[in-house]
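Below: the structure, in structure tokens.
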Amino acid sequence: MKLTRRKLAAALLAPAAAAQTPQPAADPVQAARDRIKANGDILAKVDVPMDVEPAFQFKA
Amino acid sequence: MAAIGDDLFFATIPEINARLKAKEISAEELTRAFLDRLQQYGPRYNALALLLRQEALRKARDVDQDLKRERFRGALQGIPYGAKDLISYAGQPTTWGAKPYAAQVFDYNATVIDKLDDVGSIITAKLSMVELAGGGGYTRASASLTGPGLNPWDRTRWSGGSSSGPAAAVAAGLVPFAIGSETSGSIVTPASFCGVTALRPTYGLVSRHGAMALSWTLDKLGPFARSAEDCGLILQTIAGKDSNDPGSAGKSFYYTPQYARPMKELKIAYAAVDFTDRAEPPARAAFATALEAVKASGVQLVEAKLPVFPYGPTLSLILNAEMGSIFEPLITSGRVDELADPPQIAGLKASLSVPAKDYLKAMRVRRLIQREFARFFSEYDAILTPGRPGPAVAANADLDAPGYQPPAGTAPGFQGIIQAGNLAGLPALVLPCGFADNLPVALQVVGLPFSENQLLAIGREFQSRTDWHRRRPKVG
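Chains A and B supply the protein sequences, listed in that same order.
Counting in the working numbering, the first sequence runs from 125 upward without gaps.
Counting in the working numbering, the second sequence runs from 1027 upward without gaps.
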């Protein structure tokens, strides 16, 4: 296979590009905390009127 | 006395009860036969947590004395059953499926155990489960003190979780019925995978006193059985007000099939896409046939949409916040590291980090969800979906791995109904409806709170037209 200068440059840059990409947390507890935070961020976007109280005691 | 054949191991509650009352068989003979079967085959499916032989035989002899004197206590009298190992039985280990609790013994019975005892049902076994009901987010079926739950239809497949043992034991004819629990999917999933009928009751209808708490506002106990009628008979016994359960709705349940509305009056919401593009390809033929059977019953099936909410994040935040509080002693003591599943350990540790504002927001969104479903059910009598999109996954599968993905742009259908139903406290009935790759698949009928009689009527009608609930795997 002929290695062009473009392919060579891409190959050399790949590790650097990968290092710049945010990686999932290696620590599984941190990853789980990140998921909790992401869920909180999603709910933060839900508009809930002031008079809607939390479902305590929850009753179906 | 007649010999006990395979038919009896797969008989419904009224069928067994009739043979007991006719004295064709004694409660002791029946119980001994089920105990032997549990002992022989329970470990084959990793379904057995603890056999209660002495207690069961003693109780069975008491029942025989009652039957001899014609003291009849209802359809469940003399019927053996099993309980998920998060339900306390006094004086015997209740492990919650988890190593840190392997030696845990309570000195009192759960309310459901006492209620079943009062009508002469006979507890024969504690049945296996995913450790701590899987609240931390497990990724392997092996996340259990008793090993991966194996499916009686194919032991290379998972029996589902977290009520693995109750589903597998009923499917394999090791008990006529079992009591399991659901926080989010733990009844619906294993019942669907194992091909048994099961009911997730309305939140608060069945006392959780004496059962492990995973999430106070989400936990429910419910039956796995052979038919919708069996579920009705069991629910009538275990439902009811309990001052020991702060979540108790204070309501009783009376199984009243005689007052069921005619099927043609019922308007049932569904999304066709759930049974086609969103279903796994091998399951589509079974779902199509099942839909035809539902339509033939005369109900009106109407295309509808699930109200749009972030169900998954809402449920996850509530579950994590409540679980973190419940298991804080386990987590901070470090004993959480004794659990079998590393992601579950990580999930439990992380659960201590849920901000109060996020929990409160989730509980407020939940209120909106409840209101929306109240509106939804003013228009429809029930929702019909597949129990799961396809059959049981491999017992050694990574449960986090993406499964079947529908084509891009496919309508959402009622995806998220398990989380939605649990957030709103809705009851759900699981009905086996056929096979895919020689494994069971099932329908799920969801209704408004306290509409169990309506759901059971739909289930009875479906099961009068099909025999999927009577199919049995080759055991042994």
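The C-beta atom is built at its ideal place from N, Cα and C for all residues, glycine as well.
query, result
"B/Ala1255 classed as buried or exposed, judged by whether at least 16 other C-beta atoms fall within 10 angstroms", "According to the sequence shown, residue 1255 of chain B is Glu rather than Ala. B/Glu1255 comes out buried."
"Partner residues on chain A for B/Val1391, Cβ-Cβ distance less than 7 angstroms", "Leu167, Val170 and Val172"
"For B/Ala1101 and B/Pro1040, believed in contact at Cβ under 8 angstroms, the rounded distance", "6 angstroms"
"Interface positions of the region 1317 to 1344 of chain B facing chain A (Cβ-Cβ less than 7 angstroms), listed along the chain", "Pro1336, Pro1339, Thr1340, Ser1342 and Leu1343"
"is_contact[B/Thr1583, chain A] using C-beta, thresh 8 angstroms", "An answer regarding residue 1583 of chain B cannot be provided, because it is not within the stretch 1027 to 1502 covered by chain B."
"Residue burial classification, A/Asn163 (beta-carbon count within 10 angstroms, cutoff 16)", "buried"
"Under 7 angstroms (Cβ pairs) to chain A, residues found in the region 1191 to 1208 of chain B", "none"
"Per DSSP, cross-strand counterpart(s) of B/Gly1460", "B/Val1467"
"Pick from B/Ala1297, B/Gln1326 and B/Gly1324 that is closest to B/Phe1313, judged by C-alpha positions", "B/Ala1297"
"Continuous alpha helix (DSSP H) assignments of at least 4 residues falling wholly in the region 1094 to 1182 of chain B", "1137 to 1144"
"Cβ shell of B/Arg1016 (< 8 angstroms), same chain only, five flanking positions each side left out", "For residue 1016 of chain B there is no data in the structure shown, the boundaries of chain B being 1027 and 1502."
"Proximal chain A residues relative to B/Gly1451, where beta-carbon distance stays under 8 angstroms", "Phe182, Lys183 and Ala184"
"Three-state secondary structure assigned by DSSP to A/Pro146", "Confidence in A/Pro146 is poor, its pLDDT being 48 and thus under 50, which makes the residue's placement too unreliable to answer from."
"Cβ of A/Ala179 within 8 angstroms of any chain B Cβ", "yes"
"Given 8 angstroms, three or more beta-carbon pairs between the region 1357 to 1371 of chain B and the region 1163 to 1178 of chain B", "yes"
"Cβ-based burial, A/Gln144 [other Cβ within 10 Å; buried from 16]", "Note on A/Gln144: pLDDT 47, under 50, position unreliable in the model; the coordinate value appears next. Answer is exposed; the Cβ neighbour count stays below 16."
"Classification of A/Arg130 by the beta-carbon crowding that lies within 10 angstroms, buried from 16 upward", "Because the pLDDT at A/Arg130 is just 46, under 50, the model does not fix this residue reliably, and the value given afterwards should be weighed accordingly. Looking at its Cβ environment, which holds fewer than 16 other Cβ atoms inside 10 Å, A/Arg130 is exposed."
"C-beta atoms of B/Thr1228 and B/Phe1476 nearer than 8 angstroms", "yes"
"Span separating the alpha-carbon of B/Gly1161 from that of B/Leu1374", "8 angstroms"
"Chain A contacts from the region 1424 to 1454 of chain B (Cβ-Cβ distance under 8 angstroms)", "Ala1450, Gly1451 and Leu1452"
"Endpoints, beta strand (DSSP E) assigned at B/Tyr1296", "Lys1293 to Tyr1296"
"Residues near B/Lys1246 by beta carbon distance below 7 angstroms, same chain, minus five either side", "Ser1207, Glu1208, Arg1226, Pro1227, Tyr1229 and Val1232"
"Chain B within 8 angstroms of A/Ala150, Cβ atoms only", "no"
"CA-to-CA distance, B/Asp1384 to A/Leu167, given in whole angstroms", "8 angstroms"
"Three-pair Cβ contact test at 8 angstroms for the region 1284 to 1301 of chain B versus the region 1259 to 1267 of chain B", "no"
"Buried/exposed call for A/Pro146, threshold 16 Cβ in 10 Å", "With a pLDDT of 48 at A/Pro146, under the threshold of 50, the modelled position of that residue is not reliable, and no figure is offered here."
"Between the CA atoms of B/Ala1468 and B/Arg1304 - distance to the nearest angstrom", "14 angstroms"
"Enclosing alpha helix (DSSP H) for B/Thr1358 [first to last residue]", "Glu1354 to Ser1359"
"B/Ala1204 and B/Gly1108 closer than 8 angstroms at C-beta", "yes"
"Delimiting residues of the beta strand (DSSP E) encompassing B/Arg1226", "Thr1223 to Arg1226"
"Between the CA atoms of B/Gly1451 and A/Ala133 - distance to the nearest angstrom", "Residue placement at A/Ala133 cannot be trusted, given a pLDDT of 43 that sits under 50; what the coordinates show is reported in the next sentence. In a straight line, the C-alpha of A/Ala133 is about 58 angstroms away from that of B/Gly1451."
"Touching by the beta-carbon criterion (3+ pairs, under 8 angstroms), the region 1481 to 1499 of chain B and the region 1412 to 1429 of chain B", "no"
"Whole-Å CB distance - B/Ala1224 paired with B/Val1456, under 8 angstroms assumed", "5 angstroms"
"Three-state secondary structure assigned by DSSP to B/Asn1043", "helix"
"9 angstroms Cβ cut-off: residues of chain A touching B/Tyr1550", "This structure gives no information on residue 1550 of chain B, because the portion of chain B shown stretches from 1027 to 1502."
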